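*Asks:*
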Amino acid sequence: MSLILAIESSCDEMSVALLKDKRELLCNIVASQIDTHRLYGGVVPEIASRMHVECVSTVLKTALNEAKVDLNDVDAIAVTKGPGLVGSLHVGMQAAKTLALAYHKPLIGVHHIAGHIYANELVEDIEYPCLCLVVSGGHSELVYMEHEFSFEVIGQTLDDAIGEAYDKVGRVLHLPYPGGPVIDKIAKEGKHSYKLPLPLNDDSYNFSFSGLKSAVINLKHNADQRGEVLVNEDLACSFQEVAIEVLVNKTIKAAKDYQVKEIIVAGGVSANSGLRDSLKEKSPMKVLFPPMAYCTDNAAMIASAGRIMYENSMFSPLDLSVKPSYDLEEESVGE
Ligand code: KG4
Ligand code: ZN
């Protein structure tokens, strides 16, 4: 039995969740700042941390009210320790440490990507060994998990993360920030008519998306110079199909090589409909995606990973610091 209060503030969302046991989610409040950052075409770190300071108390109170929970009844306070924007992480961390100290609760510092991975367990038990495809704004990784909370990064992006590439392509196509969900939407209305290079389609488990991104940017700039108009829907569809093809092929190859029981997907880009359809269609093994509400940043996923850490007494000292750069393998637990 456990009741975990979790705080996530690594980027431009301040979120507080309360999770009872494995999957009784009492609330998951997410205060997004996207409308503000959209004015600048991307996340402005100083604005993000200032807005977090302004809303943290309200989000916390709203969460406790909605969950009808008294802080005295909480078993532990989980918080995203990193990776992320240093100023943003600090706000959640200070709030979590204050609550842990004032209410005499254990503190649990959670790796943001471990949170994304365990968002999947809010609906279904993960079967090990498994392979996790992590696709977010900051990460594109293949993680082999032999057992619970063991993380071996077997492949990663050599340059841009997939979400970052989506957002940059969105910007050159003059789509609103973040470009990922918009490209996903308009790609369905287009056809794959532009020829783009298949990025790093080799035998390794690594990815590279900057060449593909640059190819789209060059196509757009050259067309602009010649006064030609490109069809955004077709360009979005061409970009998405090429990006997904390499993600799916490499994931399936790694899953077969490592003989895993299932593939799980994690991170903001796991919301992508093209990725969902293609992976489900091509994978010979079971594929688990988080529910749409828990794909992009939220505290429910931090609570889910925090619940496992609580059960294994993986507590943090009260002088815990944020880790803006933070290797997932550092969190790995040996058998
Ligand atoms: O996990 P997340 O919320 O934040 C990070 O930890 O980075 O991921 C945000 C990323 C953004 O790049 C956003 O464009 C992308 O996820 N994203 C999508 C979709 N929904 C969110 N990318 C492609 N298709 C989507 N449907
Ligand atoms: Zn994230």
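For the sequence shown, my numbering begins at 36 and goes up steadily by one.
Glycine included, each C-beta is placed from N, C-alpha and C at the ideal position.
Since the model is a prediction, treat every value here as computed from it, not as a measurement.
1. Any idea if histidine 209 is buried or exposed, counting beta-carbon neighbours within 10 angstroms, 16 or more meaning buried?
2. Answer with buried or exposed for alanine 137, where buried requires no fewer than 16 other C-beta atoms within 10 angstroms of its C-beta.
3. Using CA coordinates, which residue listed in Lys288, Thr286, Thr331 is at the minimum distance from asparagine 307?
4. Return helix, strand or coil for glutamate 19, following the three-state DSSP convention.
5. Closer than 8 Å: is that where the CB of serine 45 sits relative to any heavy atom of the ligand KG4?
6. When every heavy atom of the ligand ZN is checked, does at least one fall within less than 8 Å of the C-beta of histidine 147?
7. Starting from leucine 38 and walking both ways along the alpha helix (DSSP H), at which residues does that stretch end?
8. For the ligand KG4, is there any heavy atom lying closer than 8 Å to the beta carbon of tyrosine 153?
9. Quick check: is any heavy atom of the ligand ZN less than 8 Å from the C-beta of aspartate 332?
10. In terms of alpha-carbon separation, which member of Val204, Ile221, Glu187, Ala66 lies closest to valine 169?
11. Would you mind reading off the limits of the beta strand (DSSP E) that contains cysteine 167?
12. Beta-carbon separation of valine 217 and glycine 205 under 9 Å?
13. Distance cutoff 9 Å, beta carbons only. Does cysteine 46 sit that close to anything in chain C?
14. Taking Cβ positions, are glutamate 43 and valine 109 nearer each other than 9 Å?
15. Relative to the C-alpha of lysine 55, which residue among Ser239, Leu157, Met128 is closest?
16. For the ligand ZN, I want to know if glycine 117 counts as a neighbour, meaning its beta carbon is within less than 8 Å of at least one of the ligand's heavy atoms.
17. Among the residues of its own chain, which have a CB less than 7 Å from the CB of glutamate 76, if the five just before and after it don't count?
18. Just checking my contact of valine 51 with alanine 334 at CB under 8 Å: how many whole Å lie between their CB atoms?
19. Cα-Cα, which of Asp354, Glu316, Val91, Val145 is closest to isoleucine 337?
20. Report yes if the CB atom of lysine 140 is closer than 9 Å to the CB atom of alanine 98, and no otherwise.
21. Please name the residue in Ile39, Ser84, Lys248 whose C-alpha comes closest to that of leucine 134.
22. Only counting the same chain, and skipping five residues up and downstream in sequence, which positions put a Cβ closer than 6 Å to that of serine 228?
23. Can you look up phenylalanine 274 in the DSSP assignment and give me helix, strand or coil?
24. How would you label lysine 315, buried or exposed, when you count the other beta carbons within 10 angstroms and need 16 or more for buried?
25. At a cut-off of 8 Å, would you count glycine 172 as near the ligand ZN, judging by its Cβ distance to the nearest heavy atom?
26. State the start and end residues of the unbroken alpha helix (DSSP H) segment that holds glutamate 89.
27. Any heavy atom of the ligand KG4 closer than 8 Å to the beta-carbon of valine 158?
28. Inspect the beta-carbon positions of serine 45 and glycine 127 and report whether they are closer than 9 Å.
29. According to DSSP, is leucine 136 helix, strand or coil?
30. With H, G and I counted as helix, E and B as strand and the rest as coil, what does DSSP make of glutamate 365?
31. Where do the N-terminal and C-terminal ends of the beta strand (DSSP E) with histidine 146 fall, by residue?
32. Leaving aside the five residues before and after alanine 196 along the sequence, list all residues of the same chain whose C-beta is less than 7 Å from its C-beta, in chain order.
33. Grab the span of the alpha helix (DSSP H) containing threonine 71 for me, first residue to last.
34. Let me make sure I understand the geometry here. Which of Ala328, Ser243, Asp362, Lys226 has the alpha-carbon closest to that of glycine 309?
*Replies:* So, from the listed chains and residues:
1. Numbered from 1 along the sequence shown, position 174 holds the residue referred to as residue 209. Exposed, by the Cβ-count rule.
2. Reading the sequence shown from its first residue, position 102 is the one you call residue 137. Exposed.
3. Position 272 of the sequence shown, counting from 1, holds the residue named residue 307. For the residues Lys288, Thr286, Thr331, the minimum Cα distance to asparagine 307 belongs to Thr331.
4. This structure leaves residue 19 out entirely; the chain is present only between 36 and 370.
5. Locating residue 45 in the sequence shown gives position 10, where the first residue counts as 1. At least one heavy atom of the ligand KG4 is nearer than 8 Å to the Cβ of serine 45, so yes.
6. On the sequence shown, position 112 is the one that residue 147 refers to. Yes, since a heavy atom of the ligand ZN falls inside the 8 Å radius drawn around the Cβ of histidine 147.
7. Here residue 38 corresponds to residue number 3 of the sequence shown, with the count starting at 1. Per DSSP, leucine 38 belongs to no alpha helix (DSSP H); it is in the beta strand (DSSP E), 38-43.
8. Here residue 153 corresponds to residue number 118 of the sequence shown, with the count starting at 1. No - the ligand KG4 has no heavy atom lying nearer than 8 Å to the Cβ of tyrosine 153.
9. Here residue 332 refers to the residue found at position 297 when the sequence shown is read from its first residue. Correct: aspartate 332 has its Cβ closer than 8 Å to the ligand ZN.
10. Along the sequence shown, one-based indexing puts residue 169 at 134. Nearest option by C-alpha distance: Glu187.
11. As a first step, residue 167 must be located in the sequence shown, where it is residue number 132. Its beta strand (DSSP E) spans residues 165-170.
12. Looking up residue 217 in the sequence shown gives position 182. Looking up residue 205 in the sequence shown gives position 170. Yes, the pair counts as a contact, with Cβ atoms nearer than the cut-off.
13. The structure shown contains no chain C, having only a single protein chain.
14. Here residue 43 refers to the residue found at position 8 when the sequence shown is read from its first residue. Here residue 109 refers to the residue found at position 74 when the sequence shown is read from its first residue. No, these two residues do not count as a Cβ contact at 9 Å.
15. For the purposes of this step, residue 55 is taken as residue 20 along the sequence shown, with counting starting at 1. Here the closest residue by C-alpha is Leu157.
16. Taking the first residue of the sequence shown as position 1, residue 117 is located at position 82. No, the ligand ZN has no heavy atom inside 8 Å of this Cβ.
17. On the sequence shown, position 41 is the one that residue 76 refers to. Reading the sequence as shown, one finds glycine at residue 76 and not glutamate. Arg206, Tyr212.
18. For the purposes of this step, residue 51 is taken as the residue at position 16 of the sequence shown. For the purposes of this step, residue 334 is taken as the residue at position 299 of the sequence shown. Between alanine 334 and valine 51 the Cβ distance is about 5 Å, and since that is below 8 Å, they are a contact.
19. For the purposes of this step, residue 337 is identified with residue 302 of the sequence shown, where counting begins at 1. Nearest option by C-alpha distance: Val145.
20. Against the sequence shown, residue 140 aligns to sequence position 105. Against the sequence shown, residue 98 aligns to sequence position 63. No, the Cβ-Cβ distance between lysine 140 and alanine 98 is not below 9 Å.
21. If you number the sequence shown from 1, residue 134 lands on position 99. For leucine 134, the nearest C-alpha among the options comes from Ile39.
22. Locating residue 228 in the sequence shown gives position 193, counting from the first residue. Asp269.
23. For this step, residue 274 is matched to residue 239 along the sequence shown. Note: phenylalanine 274 maps to helix in three-state DSSP.
24. By one-based count along the sequence shown, residue 315 stands at place 280. Classification of lysine 315: exposed, given that the 10 Å Cβ count is below 16.
25. For the purposes of this step, residue 172 is identified with residue 137 of the sequence shown, where counting begins at 1. Yes, the beta carbon of glycine 172 sits closer than 8 Å to at least one heavy atom of the ligand ZN.
26. Numbered from 1 along the sequence shown, position 54 holds the residue referred to as residue 89. Counting along the chain, the alpha helix (DSSP H) containing glutamate 89 begins and ends at 80-102.
27. In the sequence shown, the residue the question calls residue 158 occupies position 123. Incorrect: valine 158 has no Cβ contact closer than 8 Å to the ligand KG4.
28. Counting from 1 along the sequence shown, the entry for residue 45 is found at position 10. Counting from 1 along the sequence shown, the entry for residue 127 is found at position 92. Their beta carbons are under 9 Å apart, which means serine 45 touches glycine 127 by this criterion.
29. Walking along the sequence shown from the start, residue 136 turns up at place 101. In the structure shown, leucine 136 sits in a helix (DSSP, three-state: H, G or I).
30. The count along the sequence shown starts at 1 and reaches residue 365 at position 330. Note: glutamate 365 maps to helix in three-state DSSP.
31. Start at 1 with the first residue of the sequence shown, and residue 146 comes out as number 111. Here the beta strand (DSSP E) through histidine 146 covers 142-146.
32. Looking up residue 196 in the sequence shown gives position 161. Ser171, Gly172, Gly173, His174, Ser175.
33. In the sequence shown, counting from the first residue as 1, residue 71 sits at position 36. First-last of the alpha helix (DSSP H) with threonine 71: 69-73.
34. Within the sequence shown, the letter at position 274 stands for residue 309. Looking at the Cα atoms, Lys226 is the closest of the given residues.
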